[in-house]
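Trainee: Listed in order, the protein sequences are those of chains A and B. Residues in the first sequence are numbered consecutively from 0, following numbering that gives the first Met the number 0. Residues in the second sequence are numbered consecutively from 0, following numbering that gives the first Met the number 0. By construction, the Cβ of each residue, glycine as well, lies at the ideal position given by its N, Cα and C atoms. Bear in mind that the values here come from a model prediction, so they are computed numbers and not experimental data. Have a look at this one.
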Amino acid sequence: MTQSVMVIDDSSDVHDLLDVRLEPEDVLLHHAFSGAEGIQQCAEVRPDLILLDVDMPVLGGFEVCQSLKEDPRTSAIPVIFLTAAGEVSEKVRGFDLGAVDYITKPFQPAELRARVRAALATKRYHDLLATRAHIDGLTGLWNWTYFAQRMSDEISAVRRYGRTVSLVLLDIDHFKRVNDTYGHPFGDVVLQRVGEVLSTLMRATDAPCRQGGEEFALLLTETDLKGAERAAERVRDGIRALRLTQKGVDVAVRASFGVACTSSSAHHRDATAEWLMEQADQALYTAKHAGRDRIVVADPATGVEDDTLGLERPRPAGG
Amino acid sequence: MGKLEPREDDAIYSDLADDREMTDLIDRFVTSLRDRARSLRATLAAGDLESLRRLAHRLRGAAAGYGFPSISAAGAALEDELRAGAPSERVAVATDTVAALCERARPGSQAALIGADAS
Chain A
0 MTQSVMVIDD SSDVHDLLDV RLEPEDVLLH HAFSGAEGIQ QCAEVRPDLI LLDVDMPVLG
60 GFEVCQSLKE DPRTSAIPVI FLTAAGEVSE KVRGFDLGAV DYITKPFQPA ELRARVRAAL
120 ATKRYHDLLA TRAHIDGLTG LWNWTYFAQR MSDEISAVRR YGRTVSLVLL DIDHFKRVND
180 TYGHPFGDVV LQRVGEVLST LMRATDAPCR QGGEEFALLL TETDLKGAER AAERVRDGIR
240 ALRLTQKGVD VAVRASFGVA CTSSSAHHRD ATAEWLMEQA DQALYTAKHA GRDRIVVADP
300 ATGVEDDTLG LERPRPAGG
Chain B
0 MGKLEPREDD AIYSDLADDR EMTDLIDRFV TSLRDRARSL RATLAAGDLE SLRRLAHRLR
60 GAAAGYGFPS ISAAGAALED ELRAGAPSER VAVATDTVAA LCERARPGSQ AALIGADAS
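Here it is in structure tokens:
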């Protein structure tokens, strides 16, 4: 994938030069002509590398760097300072502010390219590791760490812009029995196949995650309760269609689902990640206790959390 | 070169003129230098020393980047005079020096000109 580089410099001459000098590299250049414009554009574009002029009027390079490092949207983006030759104190100050490197003006083309390439290679590895840290090793789905963060981000959008987000919790039925009967390696295969069903059925903007054990969660953006129920039905059908055999026996895989949506809250500003989780969890609990292999939708009108079952509510573990 | 320009002994060429990546850019920069020379003189005449300092500062950086170290050095000298609050006659001399150098810049390279002469 082509990486992008933001150039922040008040001199259009420098922009022209960098255009030409970086042309042989496979990078997409963005241009900002003042510190303020640079800060704003970096937050929007999220480039892979920032080339930042030290010496700019109004908002200088050091102030810009400080501001970029304080903003969570831009703090991880590497910064290379463009500085006058010989200014040792400037170079040191740049490193102190979190820059990864500096390039002196006038640019030596080979050196410029080498430094840009090195910074971009490091960024690529950084991105790869960051992604790896968010992936469940067994299924390749997102892990809970990522999911919790993502859910919190999406819920802020719900509260701020009145968006609609749905959550589906899914628990494989009688998984403990599967493990006990056919062994853990086979249990892992079941988890992987269910993971495949989830990743193939989800849209790019949805976040399927393995919560742990045999529990999965799906975060569906811009999806109302009806849409989430349909998504759960597709997943249920996909899981039912799995053909797994062990020791010459066909093993049927079934799952229970709890579905909840932020639009069910009294007001979108009341929606919290905990509330949504609680709603979906209650629905899943109801599904388990109503005989498993089914989808229960949290209905705030009647309330799935009614106590008709009269049970102290343990987590539906092991199913 | 189609038509030979009269030989200009005082012409200044970019150190990077033989760098093919830079050919077009240097041509454009040389054209811009004539405008910059005009701006320098006009800004001095208007007595806007802060704008003059900014012009000198930018020229110092840009000229170095485009392979015109003598123009860069003259720009730096003017910037230094202005920073130090030098008397107006010295600022005028320094401005004239930079502007004159800018006007002497030419596209292409010394080598190309000599080659054209020989043919």
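In angstroms, rounded to a whole number, what distance separates the CA positions of F32(A) and P77(A)?
Mentor: As a working mapping, residue 32(A) is identified with position 33 in the first sequence. As a working mapping, residue 77(A) is identified with position 78 in the first sequence. Approximately 19 Å, taken between the alpha carbons.
Trainee: State the CB to CB distance for the pair E78(B) and A55(B), rounded to an integer number of angstroms; the pair is presumed to be in contact (CB under 8 Å).
Mentor: Residue numbering aside, residue 78(B) sits at position 79 when the second sequence is read from its first letter. Residue numbering aside, residue 55(B) sits at position 56 when the second sequence is read from its first letter. Confirmed, Cβ separation roughly 4 Å.
Trainee: What in chain A is Cβ-close to E20(B), meaning under 9 Å?
Mentor: For the purposes of this step, residue 20(B) is taken as the residue at position 21 of the second sequence. The contacting residues are V19, R20, E22, P23 and P108.
Trainee: So, helix, strand or coil for Y12(B), using DSSP?
Mentor: Counting from 1 along the second sequence, the entry for residue 12(B) is found at position 13. Three-state DSSP puts Y12(B) in a strand.
Trainee: Taking the alpha-carbon of G85(A) as reference, which of D292(A), I102(A) and F94(A) has the nearest alpha-carbon?
Mentor: Taking the first residue of the first sequence as 1, we reach residue 85(A) at position 86. If we check each option's Cα against that of G85(A), I102(A) comes out closest.
Trainee: Taking Cβ-Cβ distances shorter than 7 Å, what residues in chain B pair up with K104(A)?
Mentor: Within the first sequence, the letter at position 105 stands for residue 104(A). Within 7 Å Cβ-Cβ: G60, A63 and G64.
Trainee: With a 10 Å radius around its C-beta and 16 neighbouring C-beta atoms as the bar for buried, classify E88(B) as buried or exposed.
Mentor: For this step, residue 88(B) is matched to residue 89 along the second sequence. That one is exposed.
Trainee: What runs of the beta strand (DSSP E), each 3 residues or longer, lie entirely inside the stretch 61–132 of chain A?
Mentor: For the stretch 61–132 of chain A, whole beta strand (DSSP E) runs of length 3 or above, ordered along the chain, are 78–83 and 100–104.
Trainee: Would you kindly work out how many angstroms separate the C-alpha atoms of R291(A) and Q39(A), rounded to a whole number?
Mentor: Start at 1 with the first residue of the first sequence, and residue 291(A) comes out as number 292. Start at 1 with the first residue of the first sequence, and residue 39(A) comes out as number 40. When rounded, the distance between both Cα atoms is 51 Å.
Trainee: Compare the beta carbon distance of F256(A) and A231(A) with 7 Å and say whether it is the shorter of the two.
Mentor: For the purposes of this step, residue 256(A) is taken as residue 257 along the first sequence, with counting starting at 1. For the purposes of this step, residue 231(A) is taken as residue 232 along the first sequence, with counting starting at 1. Yes.
Trainee: At what residue ranges does the stretch 5–71 of chain B contain a whole run of the alpha helix (DSSP H), taking only runs of 4 or more?
Mentor: Taking only runs of at least 4 residues, the alpha helix (DSSP H) segments lying wholly in the stretch 5–71 of chain B are 22–45 and 48–64.
Trainee: Does DSSP classify E232(A) as helix, strand or coil?
Mentor: For the purposes of this step, residue 232(A) is taken as residue 233 along the first sequence, with counting starting at 1. DSSP places E232(A) in helix when its eight states are reduced to three.
Trainee: Our contact map puts L21(A) next to R112(A) with C-beta atoms below 8 Å; I'd like the distance itself, whole angstroms only.
Mentor: Here the question's residue 21(A) lines up with position 22 in the first sequence. Here the question's residue 112(A) lines up with position 113 in the first sequence. Yes, they are in contact, since the Cβ atoms of L21(A) and R112(A) sit about 7 Å apart, within 8 Å.
Trainee: Classify R123(A): buried if its beta carbon has 16 or more other beta carbons within 10 angstroms, exposed otherwise.
Mentor: Here residue 123(A) refers to the residue found at position 124 of the first sequence. Answer is exposed; the Cβ neighbour count stays below 16.
Trainee: Taking Cβ to Cβ, would you say D15(A) is nearer than 7 Å to L100(B)?
Mentor: The residue you call residue 15(A) lines up with position 16 of the first sequence. The residue you call residue 100(B) lines up with position 101 of the second sequence. No.
Trainee: Quick one: is L48(B) near chain A, going by C-beta distance under 7 Å?
Mentor: Start at 1 with the first residue of the second sequence, and residue 48(B) comes out as number 49. Taking Cβ atoms only, chain A never reaches closer than 7 Å to L48(B), which makes this a no.
Trainee: Please list the partners that S10(A) has in chain B, where partner means a Cβ-to-Cβ separation under 8 Å.
Mentor: Position 11 of the first sequence, counted from the first residue, corresponds to residue 10(A). Simply R57, G60 and A61.
Trainee: Going along the chain, which residues of its own chain have a beta-carbon closer than 8 Å to the beta-carbon of L137(A), five neighbours each way excluded?
Mentor: Here residue 137(A) refers to the residue found at position 138 when the first sequence is read from its first residue. If we look at L137(A) and ignore the five residues flanking it on each side, its Cβ neighbours are D187, L190, Q191, G194 and R209.
Trainee: Please name the residue or residues paired with L169(A) in a DSSP beta bridge.
Mentor: The sequence position of residue 169(A) within the first sequence is 170, counting from 1. F215(A) and F256(A).
Trainee: Excluding sequence positions up to five away, which residues of its chain have a Cβ less than 6 Å from the Cβ of G66(B)?
Mentor: Taking the first residue of the second sequence as position 1, residue 66(B) is located at position 67. Result list for G66(B): S13, D14 and L15, in chain order.
Trainee: Buried or exposed for V92(B), please, with buried defined as at least 16 other CB atoms from any protein chain shown within 10 angstroms of its CB.
Mentor: Counting from 1 along the second sequence, the entry for residue 92(B) is found at position 93. Its Cβ having fewer than 16 others within 10 Å, V92(B) is exposed.
Trainee: Keeping to the same chain, check which residues put their C-beta closer than 8 Å to that of L310(A); ignore five residues upstream and five downstream.
Mentor: As a working mapping, residue 310(A) is identified with position 311 in the first sequence. Confidence in L310(A) is poor, its pLDDT being 42 and thus under 50, which makes the residue's placement unreliable; the coordinate value appears in the next sentence. Once the five neighbours on either side are set aside, the close Cβ partners of L310(A) are H288.
Trainee: At the 7 Å Cβ level, is L51(B) part of the contact set with chain A, yes or no?
Mentor: Looking up residue 51(B) in the second sequence gives position 52. No, its Cβ sits nowhere closer than 7 Å to a Cβ of chain A.
Trainee: DSSP puts V164(A) in a beta bridge; with which residues?
Mentor: As a position in the first sequence, residue 164(A) is number 165, starting the count at 1. Answer by DSSP bridge pairing, in chain order: T220(A).
Trainee: Counting only beta-carbon separations shorter than 7 Å, does L50(A) have a partner in chain B?
Mentor: Within the first sequence, the letter at position 51 stands for residue 50(A). False, the Cβ-Cβ gap to chain B never drops below 7 Å.
Trainee: Using the rule of at least 16 other Cβ atoms within 10 Å of the residue's Cβ for burial, across every protein chain shown, is G107(B) buried or exposed?
Mentor: Within the second sequence, numbered from 1, the residue matching residue 107(B) stands at position 108. Answer is buried; the Cβ neighbour count reaches 16.
Trainee: For chain B, check one thing: does any of its Cβ atoms lie closer than 7 Å to the Cβ of L81(A)?
Mentor: Along the first sequence, one-based indexing puts residue 81(A) at 82. Not an interface residue.
Trainee: From the beta carbon of K2(B), is the nearest beta carbon of chain A less than 7 Å away?
Mentor: Here the question's residue 2(B) lines up with position 3 in the second sequence. Because K2(B) carries a pLDDT of 48, less than 50, the predicted location of this residue cannot be relied on, and the following value inherits that uncertainty. Not one chain A Cβ lies under 7 Å of K2(B).
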